[in-house]
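Residue numbers (my numbering): 213 to 577.
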Amino acid sequence: MRRGYDCRQMKIILANPRGFCAGVYMAIDVVDQLLEICPDEPIFVYHEIVHNRHVVQRFQRRGVRFVESVEEVPDGSIVVFSAHGVSPEVRQLAKAKKLLSVDATCPLVTKVHAEAIRYARKGFQILLVGHRHHQEVVGTLGEAPEVMQVVESPADIPSLKVDDPEKLIYLTQTTLSLDDAGVIIEALKRAFPQIKEPPASDICYATTNRQMAVRAIAPQCDLVLVVGSANSSNSVRLTEIAMNMGTPARLIDDRSELKREWFVGVQTLLVTAGASAPEDLVHELIEELVRTHGAEVEQHDVRHEEVEFGLPGSLKSLMRERGIDPEGRRIVRGDEGSRLREWFGAHNIPFRIVDLTVQGTAVAP
Ligand code: SF4
Numbered sequence: 213m214r215r216g217y218d219c220r221q222m223k224i225i226l227a228n229p230r231g232f233c234a235g236v237y238m239a240i241d242v243v244d245q246l247l248e249i250c251p252d253e254p255i256f257v258y259h260e261i262v263h264n265r266h267v268v269q270r271f272q273r274r275g276v277r278f279v280e281s282v283e284e285v286p287d288g289s290i291v292v293f294s295a296h297g298v299s300p301e302v303r304q305l306a307k308a309k310k311l312l313s314v315d316a317t318c319p320l321v322t323k324v325h326a327e328a329i330r331y332a333r334k335g336f337q338i339l340l341v342g343h344r345h346h347q348e349v350v351g352t353l354g355e356a357p358e359v360m361q362v363v364e365s366p367a368d369i370p371s372l373k374v375d376d377p378e379k380l381i382y383l384t385q386t387t388l389s390l391d392d393a394g395v396i397i398e399a400l401k402r403a404f405p406q407i408k409e410p411p412a413s414d415i416c417y418a419t420t421n422r423q424m425a426v427r428a429i430a431p432q433c434d435l436v437l438v439v440g441s442a443n444s445s446n447s448v449r450l451t452e453i454a455m456n457m458g459t460p461a462r463l464i465d466d467r468s469e470l471k472r473e474w475f476v477g478v479q480t481l482l483v484t485a486g487a488s489a490p491e492d493l494v495h496e497l498i499e500e501l502v503r504t505h506g507a508e509v510e511q512h513d514v515r516h517e518e519v520e521f522g523l524p525g526s527l528k529s530l531m532r533e534r535g536i537d538p539e540g541r542r543i544v545r546g547d548e549g550s551r552l553r554e555w556f557g558a559h560n561i562p563f564r565i566v567d568l569t570v571q572g573t574a575v576a577p
């Protein structure tokens, strides 16, 4: 029996970090700010702004239109490029249609694009480790399609066409599982011992930290719930990591997908959220679980994050064109710790924070 808890109650551990990363805050804020500064103009977003059903539906209810092709956007309109980035071909098409393009690509995705451009110019062939159909990989691949090949698994390696093994580098999608990427990279190094590594890991800080938290906490739990959408790469990876560690895991968009049978025999539950999942969905889930299981909640802090991105230059330019000074505007994250304590207090739910970090540790990309 768990000490300190009624055996009928469940213990819920909230992983921290979880949920929105700096890139998602920025991308969502870009659309929010456009809705505010251009209230009478239609706003189009190329692809889902971030891979979360609720985020997309909330914007749709405010009139934002999501398109899968720039051709669908009327000439001269405002179009936002999503956090996952786009290929140069999409940018050129937008230019040809005289669209007002606002780029909400995460700077950490842009960094991988810049590496692809730089190494292609130096005459390298590039092996891009990632999921072939993911929007981010499609965008990065578009930077130098003639010298890039996608590697999804070690099984792809025998069919790679490499001209000069000394002029070969690998790059990766930002949201891969560290474990899976490690297996592929090791296989690439065995096949091409001279392959060059990217200057710094392409798997982003947010992906790394959320995976690290699941790895640290999941082994003490009977079940892991990941709040996120099925097309969110980093959310799916969190679910896989928990399962690989031997803890059953479920990916849910929200509390409406909970099934009573999942909780039979569950005494300790880990709740986390992918980088594109809004925190209010986590709160609603906790509320439901406390109502049905009388749970007590602990947040386990595994890493502290202090990464923030500024407004994209293209949004600042649009603001200036509309006579708005961008200097007074910034992306504000607020004090999440205080908000969390307030929320639990207001809902009368027992809550405490367990700090598992080395004090003062801040993780930079
Ligand atoms: S998951 Fe990483 S790469 Fe993707 S938007 Fe967030 S910070 Fe950027």
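No residue lacks a Cβ here, since even glycine has one placed at the ideal position from N, Cα and C. Quick caveat: nothing in here was measured; it's all calculated off a predicted structure.
Taking a contact to require three or more Cβ pairs closer than 8 Å, the stretch 312–331 and the stretch 362–378 do not qualify as touching.
Around the beta carbon of D315, 16 or more other beta carbons lie within 10 angstroms, which makes this residue buried.
For K223, the three-state secondary structure derived from DSSP is strand. E520 and A418 have their C-alpha atoms spaced approximately 11 Å apart.
For the alpha helix (DSSP H) assignment, the uninterrupted runs of no fewer than 4 residues enclosed by the stretch 248–284 are, from N- to C-terminal side, 265–273. Taking F271 as the centre and dropping the five residues before and after it, the same chain places the C-beta of V243, I261 closer than 7 Å to its C-beta, in chain order. Contact check for P229 against N421 passes: the beta carbons are separated by less than 7 Å. DSSP places M457 in the coil class of the three-state scheme, outside both helix and strand. Shortest gap from the CB of T384 to any heavy atom of the ligand SF4: 6 Å or more. Selection H263, C416, P524 evaluated against T317 yields P524 as nearest (Cα-Cα). Here A399 has P366, I369 as same chain residues with Cβ atoms under 8 Å from its own Cβ, once five neighbours each way along the sequence are excluded. With the rule of 3 Cβ pairs closer than 8 Å, the stretch 425–440 counts as touching the stretch 467–480.
Every residue whose Cβ sits closer than 6 Å to any heavy atom of the ligand SF4 is listed here in chain order: C233, A234, G235, V236, A295, C318, L320, V321, T386, T387, C416, A418, T419, N446, A487.
The residue among V341, Q423, G288 with its C-alpha nearest the C-alpha of D414 is V341.
By the C-beta criterion, the stretch 303–314 is judged to be in contact with the stretch 273–286, since at least 3 inter-stretch pairs fall below 8 Å.
Burial is judged here by how many other beta carbons sit within 10 angstroms of a residue's own beta carbon; L568 has fewer than 16 and is exposed. Within the same chain, Cβ atoms closer than 7 Å to the Cβ of Q479 are found at R214, M222, K223, D434, the five residues on either side in sequence being excluded.
Taking all protein chains in view, the Cβ of N560 is surrounded by fewer than 16 other Cβ atoms within 10 Å, so the residue is classified as exposed.
The three-state reading of DSSP puts S313 in strand, counting E and B together.
Contact check for G354 against E301 passes: the beta carbons are separated by less than 7 Å. In this structure, I381 sits away from K401, with a CB-CB distance that is not shorter than 7 Å.
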